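Numbered per this note's numbering, the sequence shown spans residues 75 to 331. Beta carbons: idealized from backbone N, C-alpha and C, even for Gly. Bear in mind that the values here come from a model prediction, so they are computed numbers and not experimental data. Below is one structure; the comments refer to it alone.
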Amino acid sequence: MRRFTYSVIMVAWMLVLAACNPQAAPTPLPTATLPPLPSATPFVLPTLIPSATPLPVTPSATAIMVEPFAGEGIAPPLTLSLPEGWNTHYDTVIYRDVSGIIEQSLALYFGPITGGSGTIVVLWNYIGVTTGNPFDPAYGQENLWIDGLRLLRLLIVEIGCNIGTDVQRSYTIGGLAAVGTQWSAVDCPEGMADTRGWLAGIDVNGTKTLFYMYADPITAMDTGKNELQAILDSVVFQVPPPAEITAEATVDVTPGN
Numbered sequence: 075m076r077r078f079t080y081s082v083i084m085v086a087w088m089l090v091l092a093a094c095n096p097q098a099a100p101t102p103l104p105t106a107t108l109p110p111l112p113s114a115t116p117f118v119l120p121t122l123i124p125s126a127t128p129l130p131v132t133p134s135a136t137a138i139m140v141e142p143f144a145g146e147g148i149a150p151p152l153t154l155s156l157p158e159g160w161n162t163h164y165d166t167v168i169y170r171d172v173s174g175i176i177e178q179s180l181a182l183y184f185g186p187i188t189g190g191s192g193t194i195v196v197l198w199n200y201i202g203v204t205t206g207n208p209f210d211p212a213y214g215q216e217n218l219w220i221d222g223l224r225l226l227r228l229l230i231v232e233i234g235c236n237i238g239t240d241v242q243r244s245y246t247i248g249g250l251a252a253v254g255t256q257w258s259a260v261d262c263p264e265g266m267a268d269t270r271g272w273l274a275g276i277d278v279n280g281t282k283t284l285f286y287m288y289a290d291p292i293t294a295m296d297t298g299k300n301e302l303q304a305i306l307d308s309v310v311f312q313v314p315p316p317a318e319i320t321a322e323a324t325v326d327v328t329p330g331n
């Protein structure tokens, strides 16, 4: 996500400025281009080369060409309260995962915090993974913490950064229990600022949602963390409970009964 956060934030700011100044001529947007992914690791795909070529495309033996953004998105099934000066952007990112080409909805919230700027990225209804070993006690059980770490590397942090993560920790989202961890991204490619923050995942009525919080500059997390948590405290999930199944009475109409 940090590989495209700056581009998305720039787009959102341009939309805000354009609304304030209708006489201004639109400025052509740059095409997002991602560097190739490293060789296969437990959570990183072998090669992903983005371009301006729209789907569908013909995959080759070593790479598949995709447009990383669809340019449109929807709001997540939740509401939250943003401080003054914060902005919102919805989009759909297209990426390759273990199950193939994935279209993932995301919401991006960004704005000023004490000492710098903060960002919250929300992913929901994502495709989770579990162990493929039927003898593993966790077989068939998805893990919010593990999925959060996997998508941190796939979608949030710029390729080439040195990623550090902590042990599993407990957090709260909208007053509900969540699970996640602290993380940092340092020694990033030129032009990308180091950052750190935390991630938290929660399952509400069967809808899985992941939240990623980070700051720029990296020191702003020391002074603005509570402001980011205050936004998380304001979250209200709009996920309906699972439909109740009502057994219908049956009548025996067999002659003689």
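What residue range does the beta strand (DSSP E) around residue i cover?
i, result
"Arg368", "This structure does not reach residue 368, given that the chain is present from 75 up to 331, and the question cannot be answered."
"Ala289", "Thr281 to Asp290"
"Thr236", "For the record, residue 236 in the displayed sequence is Asn; it is not Thr. That run of the beta strand (DSSP E) goes Asn236 to Thr239."
Given residue i, which residues of its chain have a CB within under 8 Å of its CB, disregarding the five upstream and five downstream residues?
i, result
"Pro130", "Confidence is the limiting factor: at Pro130 the pLDDT is only 34, short of 50, which leaves the residue's position unreliable and the question unanswerable from this model."
"Asp296", "Gly189"
"Thr162", "Ala86, Leu156, Ala181, Leu182 and Tyr183"
"Pro249", "Reading the sequence as shown, one finds Gly at residue 249 and not Pro. Contacts found: Asp307."
"Thr255", "Trp219, Gly222, Leu223, Thr239, Asp240, Val241, Gln242, Arg243, Trp272 and Leu273"
"Pro315", "Asn279"
"Ala294", "Ile187, Thr188, Gly189, Gly190, Ser191 and Gly192"
"Ala149", "Tyr164 and Ala181"
Is the Cβ of residue i closer than 8 Å to any Cβ of chain B?
i, result
"Arg224", "The displayed structure is made up of one protein chain only, and chain B is not part of it."
I believe residue i touches residue j by the beta-carbon criterion, under 8 Å. Please report the beta-carbon distance rounded to the nearest angstrom.
i, j, result
"Lys282", "Tyr169", "So it is not a contact: roughly 17 Å between Cβ atoms."
"Glu301", "Thr188", "6 Å"
"Gly202", "Pro157", "With 8 Å as the limit, Gly202 and Pro157 do not qualify as a contact, their Cβ atoms being about 32 Å apart."
"Pro247", "Ile276", "A quick correction: the sequence has Ile, not Pro, at residue 247. That belief holds up - the Cβ atoms of Ile247 and Ile276 are roughly 5 Å apart, short of 8 Å."
"Gly147", "Asp171", "Not really, about 18 Å apart at Cβ, beyond 8 Å."
"Gly298", "Gly159", "With a Cβ gap of about 13 Å, Gly298 and Gly159 do not count as contacting."
Hey, quick one: how far does the alpha helix (DSSP H) through residue i stretch, first residue to last?
i, result
"Arg243", "Careful: Arg243 lies outside any alpha helix (DSSP H), inside the beta strand (DSSP E) at Arg243 to Ile247."
"Thr297", "Ala294 to Asp307"
"Leu250", "Per DSSP, Leu250 belongs to no alpha helix (DSSP H); it is in the beta strand (DSSP E), Leu250 to Val260."
"Gly222", "Leu218 to Leu225"
Cutting at 7 Å between CB atoms, please list the residues of its own chain near residue i, excluding the five before and the five after it.
i, result
"Pro151", "Trp198, Thr281, Phe311, Gln312 and Val313"
"Leu225", "Leu197, Tyr200 and Leu284"
"Val167", "Pro142, Phe143, Gln178, Leu180 and Leu229"
"Pro263", "Glu232 and Gly234"
"Val195", "Met75, Leu180, Leu182, Ile230 and Tyr286"
"Ala251", "Ser244"
Which same chain residues, not among the five before or five after residue i, have their C-beta less than 6 Å away from its C-beta?
i, result
"Leu339", "For residue 339 there is no data in the structure shown, the boundaries of the chain being 75 and 331."
"Asp261", "Asn236"
"Val309", "Leu152, Leu154, Ile247 and Gly248"
Contact the segment 236-245 vs the segment 174-193: 3+ CB pairs below 8 Å = The segment 236-245 vs the segment 174-193: no contact.
message = Could you check whether the segment 285-303 touches the segment 256-274, counting it as contact only if at least three pairs of C-beta atoms, one from each stretch, sit closer than 8 Å?
response = yes
query = What runs of the beta strand (DSSP E), each 3 residues or longer, lie entirely inside the segment 158-197?
reply = 161-171 and 174-187
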